[in-house]
Amino acid sequence: MKHLTRLSDFTVEEIMEILERANRYASGETIPQLEGKVVANLFFEPSTRTQYSFMMAEQKLGLKTMDFTAETSSVQKGETLYDTVKTFEAIGVDGVVIRHPQNNYFEELIPNLNIPIFNGGDGSGNHPTQSLLDLLTIYQEYGKFEGLKIAIVGDIAHSRVAHTNIEVMNRLGMEVHLVAPEQFQEEGYAWENLDDVLEEMDIIMLLRVQHERHHGGMQLTKEEYHEQYGLTVEREKRMKEGAIIMHPAPFNRGVEIADDVVECKRSRIFKQMSNGVFIRMAVLVGSLGYVD
Amino acid sequence: MKHLTRLSDFTVEEIMEILERANRYASGETIPQLEGKVVANLFFEPSTRTQYSFMMAEQKLGLKTMDFTAETSSVQKGETLYDTVKTFEAIGVDGVVIRHPQNNYFEELIPNLNIPIFNGGDGSGNHPTQSLLDLLTIYQEYGKFEGLKIAIVGDIAHSRVAHTNIEVMNRLGMEVHLVAPEQFQEEGYAWENLDDVLEEMDIIMLLRVQHERHHGGMQLTKEEYHEQYGLTVEREKRMKEGAIIMHPAPFNRGVEIADDVVECKRSRIFKQMSNGVFIRMAVLVGSLGYVD
Amino acid sequence: MKHLTRLSDFTVEEIMEILERANRYASGETIPQLEGKVVANLFFEPSTRTQYSFMMAEQKLGLKTMDFTAETSSVQKGETLYDTVKTFEAIGVDGVVIRHPQNNYFEELIPNLNIPIFNGGDGSGNHPTQSLLDLLTIYQEYGKFEGLKIAIVGDIAHSRVAHTNIEVMNRLGMEVHLVAPEQFQEEGYAWENLDDVLEEMDIIMLLRVQHERHHGGMQLTKEEYHEQYGLTVEREKRMKEGAIIMHPAPFNRGVEIADDVVECKRSRIFKQMSNGVFIRMAVLVGSLGYVD
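These protein sequence lines map, in sequence, to chains L, B and V.
Residue numbers are given in this note's numbering: position 57 of the first sequence equals residue 57, and the series is strictly consecutive.
So the mapping is simple: this note's numbering equals the position in the second sequence, first residue as 1, plus 1000.
So the mapping is simple: this note's numbering equals the position in the third sequence, first residue as 1, plus 2000.
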């Protein structure tokens, strides 16, 4: 049994194996049918892409699914995550997809659990399938990682995507540049200016301004943010030939990205979503299937 | 690819084709299996009949489904309808059923969307599958539309069902009479008295008093409404021989219809619900299947 | 058609037939496939175990399912339970699983309903599948019921599980002892002291303190409850050799049961959950299948 909780636990070889498998599904390879297996989707935070693309991946693999809603469950009676997950194990599910606001929620589960966890995002920590779909999108574009230059732009401090990506992209030999307003910077990283790096980058990866997490409010107005850190129409034009734009979505049109740039030729934003299904299929097959 | 957004876009021939196909399913014709296709159900307003009969139709057709809940999605993070629907397209669904409170929500979607929309109701505008199931129920009863007399009674101003029905029934050659309290009348129509037309009608179609939309309150008490506009036990007895009663449901027992009349011999209210499944099957097959 | 609403309507022979069938599924007997049938799950109260183990049972039997959520349905427009259930019948479901806060909610449904009801719990009244899974767990342990001694401990007044169990266990020849704080006692029963009976019992069945139902607050603190009525580590040690611990869950660790006792060797708590799926399969097959 193989959990997917943190991408940092996976070697480069294991990561490449998942990417290659996902890429074969994207290229039309016959999808294995994991008949008779059941996966429960436990989402304790709102999500569209992660939740529904896991569901789509499960459907495509012929898995049966149970979608857990905290609002109508015994979580309302105070039941803990541990006891909830053990309940799903007891009633016979073969794996659980979990998104939960607590960082590293899975650490207390793993010692006593006999079914794999597929981490759909924990707090501000990990989001391994999002990173994998980002990597697949880059790999389909460039056929390699070594030497590629990426700028990650935005609310890095609160982003589980950024944290996971920085670590794995460095391991894969990419050159990672970080751009963020002071409010969203963290210690331990070097910070650069968007306009200084823009024209050198192969990939501009924008992050969402997470208005719902900034209870104290953002120090910049939306207009100021867009002007200083947003991918404006003007900046898109200055990007290197063939360079691409990525965003994990949902995006705030007119804040981190100009409305007209969302669906421009460089944008791989909707392609990332399509790749998310192939990645989740590859991950599910890797743990539940007969492949590995 | 064929959207079903407004019944007014369909010719009488196209409408009859859907009705005939639905009627064959109702009569026991083998149901085609649309294997491998996936439909997403996006309901942004509460619904029982429309939502669950679409789901039942999808099940009967062997479709896989994803039921979207706005409450647990990125709509909570401000994601727009357009971006939500494009996401479902990107992750690979073959069609979307949408109910949304905004009139003509589909107009902004259609130009950029490559999968069909099945409109489950928009604001106070259209509700094409409801009209189609009403028509099927009438067609099963009388085998024709030409010359049939119907009275639509109730909150016509707020009813998408009424608006769609008036337009299509006129085109089909039916004689449509309208009855409503002054508060629920609109300009551009002729208004009649229930007791003046009651005994002449082949069909009495009642509409629900939508208490949740009348924030200012209804000008009549429930008792007054029942007495003046409700299908009372006494009125039911005065109806023409063989005439039938319809209501899109949910109904307010004792307001627009007497408790004892709901399940009386003339009532086709539950038959309408059964027909709703056949209509939705016919519509889904028409767009996603190999029939047309 | 056979409803499962109250276990008191079933003879001992009928109960044993369900238990034997469930036990065969638990032992690996091939599970019948009820293809083409559709069950609707209508939960009007939060639940994890009952809801998801019904869903798992339905999946294992190859049934198609529709999961009804009151929050996004016409119940929001005032639709009654009766009209909601009749709607599901009209759209063609073959059976309904219902959990509802009203005692004996099913009595008004049965006279006019042509599909079976599977009661997932009504108010503080019945919870037949929970009792059946408790019985299956005991039967797997001891191979009989006659003469077995059980203590049911806790909030008996508010527990539908306790009421159903007391009745059926008496009929099966078990010796039922009841222990509860004064606040949770009812007239008509004899009440005992936990420490007086503890060492004689074959089964200690704990009930959950239902904090959400005690709006006036519990008269004991959690610590006092644990000390006087909880299965502490110390009490577990004093239990008879081979005696087992049961709890319908969700459990409050440190209140009715010590944290370390939940997963101890005597505990059958997670086994009860697994058995819940087999029981629900047996019940569904009994009504919808070709077995009986």
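Glycine included, C-beta positions come from ideal geometry on N, C-alpha and C.
Just so you know, these numbers come straight off a predicted model, no measurement behind them.
Q.
If contact is defined by three or more beta carbon pairs under 8 Å, each pair taking one atom from either stretch, is the region 1097 to 1107 of chain B in contact with the region 267 to 279 of chain L?
A. no
Buried or exposed for V/Q2102, please, with buried defined as at least 16 other CB atoms from any protein chain shown within 10 angstroms of its CB.
exposed
**Prompt:** Taking 8 Å as the CB-CB limit, is L/P250 close to chain B?
**Reply:** yes
Next on the checklist: Here's a check: name, in chain order, each residue in its chain whose Cβ is nearer than 7 Å to the Cβ of B/L1289, leaving out the five neighbours to either side.
Outcome noted: According to the sequence displayed, residue 1289 of chain B carries Gly and not Leu. Within the same chain, B/G1289 has close Cβ partners P1032 and L1034.
Let me check understanding here. Comparing Cα to Cα, which of V/L2206, V/D2134, V/E2241 and V/G2242 lies closest to V/Y2229?
V/L2206
For a contact defined as C-beta to C-beta under 7 Å, what are the partners of L/Q59 on chain B? V1038 and K1064
Self-check item: Touch test, the region 77 to 90 of chain L against the region 253 to 263 of chain L, Cβ-Cβ under 8 Å, three pairs minimum
Solution: no
*asked:* 8 Å is my cut-off, CB to CB: does V/K2077 come that close to chain B?
replied: yes
Q) To the nearest angstrom, how far is it from the Cα of B/P1250 to the Cα of B/Y1052? A) 13 Å
* What did DSSP end up calling L/V12 once you bin it into helix, strand or coil? -> helix
- [ ] Evaluate L/E236 with the Cβ neighbour count: other Cβ atoms within 10 Å of its Cβ, from every protein chain shown; 16 or more gives buried, anything less gives exposed.
- [x] buried
Going along the region 84 to 106 of chain L in order, which residues come within less than 9 Å of chain V, judged by CB to CB distance? T84, K86, T87, F88, E89, A90, I91, G92 and V93
For this session: Could you name the residues of chain B that V/T2072 contacts, counting a contact when the two beta carbons are closer than 7 Å?
Result: F1043, P1046 and T1069
Notebook entry, point to check: Along chain L, in chain order, which residues have C-beta atoms closer than 8 Å to that of V/V2277?
Noted result: I91 and G92
**Message:** Can you tell me whether B/E1175 is helix, strand or coil according to DSSP?
**Reply:** strand
Run through the DSSP bridge pairs and tell me what V/K2149 is partnered with. V/E2175
Exercise for the section: Measure from the C-beta of L/Y52 to each C-beta in chain B and report whether the shortest distance is under 8 Å. Expected result: yes
Of the residues V/A2057, V/V2039, V/E2199 and V/T2069, the one placed nearest V/A2282, counting alpha carbons only
V/A2057
* Pull up the CB-CB distance for B/D1202 and B/I1150, whole angstroms please, since I reckon it's below 8 Å. => 7 Å
Pairing CB atoms from the region 123 to 134 of chain L with CB atoms from the region 5 to 20 of chain L, are three or more of them under 8 Å?
yes
Proximal residues, the region 1242 to 1274 of chain B versus chain V, C-beta separation under 9 Å | A1249, P1250, F1251, N1252, R1253, V1262, E1263, I1269, F1270, K1271, Q1272, M1273 and S1274
> Which partner residues of L/G95 appear in the DSSP bridge assignment?
Replying inline: L/V39
Could you tell me the alpha carbon to alpha carbon distance between L/G147 and B/E1089, rounded to whole angstroms? 33 Å
Handout entry: Spatial neighbours of L/D260 in its chain, beta-carbon cut-off 7 Å, leaving aside the 5 residues before and after
Key = V233
Can you tell me whether V/T2080 is helix, strand or coil according to DSSP?
coil
> In chain L, what lies closer than 7 Å to V/M2281 by C-beta?
Replying inline: Residues of chain L passing the Cβ test: none, with the nearest at roughly 11 Å.
(request) Could you tell me whether the Cβ of L/R49 comes closer than 8 Å to any Cβ of chain B? (result) yes
* Asked: Alpha carbon to alpha carbon, how far is L/D292 from L/E187?
  -> Any reading at L/D292 must be qualified, since the residue scores a pLDDT of 40, below 50, and its modelled position is unreliable; no value is offered.
Exercise. When Cβ atoms are compared, which residues of the region 1185 to 1211 of chain B fall closer than 9 Å to chain V?
Worked result: R1208, Q1210 and H1211
- prompt: Does DSSP put V/L2113 in a helix, in a strand, or in coil?
  reply: coil
message = Can you check which of these residues, B/I1279, B/Y1189 and B/P1046, is closest to B/S1027 by C-alpha distance?
response = B/I1279
query: Quick one: is B/I1166 buried, meaning 16 or more other Cβ sit within 10 Å of its Cβ, or exposed?
result: buried
### Message
Please report the distance separating the alpha-carbon of V/K2060 from that of L/G92.
### Response
10 Å
**OP:** Kindly provide the ranges of any alpha helix (DSSP H) runs that are 4 or more residues long and lie completely inside the region 1201 to 1230 of chain B, ordered along the chain.
**Re:** 1222 to 1229
Task: Spatially closest choice to B/T1011 from B/M1169, B/Q1183 and B/F1044, by CA coordinates - done: B/M1169
Let me see if you follow: with CB-CB separation under 8 Å, is B/M1218 close to chain V or not? no
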